[in-house]
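**Student:**
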Amino acid sequence: MKRQLRKPDKLRFKSEFDQVRLDGTKLVGPSMLLVYAPAPDDLLRCGVICGKKYSLLSVKRNRARRLCWESFRLLKEYLPVVRLVLIPRRRMEKYKRQDVTREMAGLLAKAGLIPAGPAESPPEC
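Here you go:
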């Protein structure tokens, strides 16, 4: 199965982000904040918020966004239909992609959205 990230996989409107942040459950990790809420439609969608509070340098903000999107792309086949909002923290600057994916998988397992057992855990690509 191809793991592609397409336009319908992304939250695009402020109203969608606001709905997730108001109705959702927040999980805090060392390098990211993850907010999830049940989807009103039957689509798994994700959004990334990375503003100037993260860094004034756009290169650093874009790298954090890319790491979040890539981790979501790798894990989305294991997720149920929910809406996610990812907010990177400054510590992510030092992380590699595998570290971000591992942390996101841990937060999702803590939320009960993906299996937590070692035999059932998603592969680290």
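Each residue of the sequence shown is one higher than the one before, counting from 19 in this note's numbering. Ideal placement from N, C-alpha and C gives every residue a C-beta, glycine not left out.
Roughly how many angstroms lie between the CA atoms of R81 and P58, to the nearest whole one?
**Tutor:** In the sequence shown, the residue the question calls residue 81 occupies position 63. In the sequence shown, the residue the question calls residue 58 occupies position 40. If you take the alpha carbons of R81 and P58, they lie about 30 Å apart.
**Student:** Compare the C-alpha of K112 against each of V38, P26, R63, M50 and name the closest.
**Tutor:** Within the sequence shown, residue 112 is the residue found at index 94, counting from 1. Considering only alpha carbons, the answer is M50.
**Student:** Buried or exposed: R108, going by 16 or more other Cβ atoms within 10 Å of its Cβ?
**Tutor:** Position 90 of the sequence shown holds residue 108. Answer is exposed; the Cβ neighbour count stays below 16.
**Student:** In this structure, does DSSP put L85 in helix, strand or coil?
**Tutor:** What you label residue 85 is simply residue 67 of the sequence shown in a count that begins at 1. Correct three-state label for L85: helix.
**Student:** Do the region 62-75 and the region 124-134 meet, that is, are 3 or more Cβ pairs less than 8 Å apart?
**Tutor:** Judged by Cβ distances under 8 Å, the region 62-75 makes no contact with the region 124-134, as fewer than three pairs qualify.
**Student:** Excluding the five sequence neighbours on either side, which residues of its own chain have a C-beta within less than 8 Å of the C-beta of R79, listed in chain order?
**Tutor:** Taking the first residue of the sequence shown as position 1, residue 79 is located at position 61. Closer than 8 Å at Cβ, skipping near neighbours: C68, G69, K70, Y72, S73.
**Student:** Round the Cβ separation of V53 and R30 to the nearest angstrom and send it over; I've been treating them as touching at under 8 Å.
**Tutor:** Indexing the sequence shown from 1 puts residue 53 at position 35. Indexing the sequence shown from 1 puts residue 30 at position 12. Not confirmed; about 16 Å, so no contact.
**Student:** Mind checking which residues open and close the alpha helix (DSSP H) that includes A127?
**Tutor:** Along the sequence shown, read from residue 1 onward, the residue named residue 127 stands at position 109. Where A127 is concerned, the enclosing alpha helix (DSSP H) stretches over 115-128.
**Student:** If distances are taken between C-alpha atoms only, which option among D117, K94, L102, R24 comes closest to D36?
**Tutor:** In the sequence shown, residue 36 corresponds to position 18, counting from 1. Cα-wise, what sits closest to D36 is L102.
**Student:** Helix, strand or coil for R21, going by three-state DSSP, please let me know.
**Tutor:** For the purposes of this step, residue 21 is taken as the residue at position 3 of the sequence shown. The answer is coil: DSSP assigns R21 none of H, G, I, E or B.
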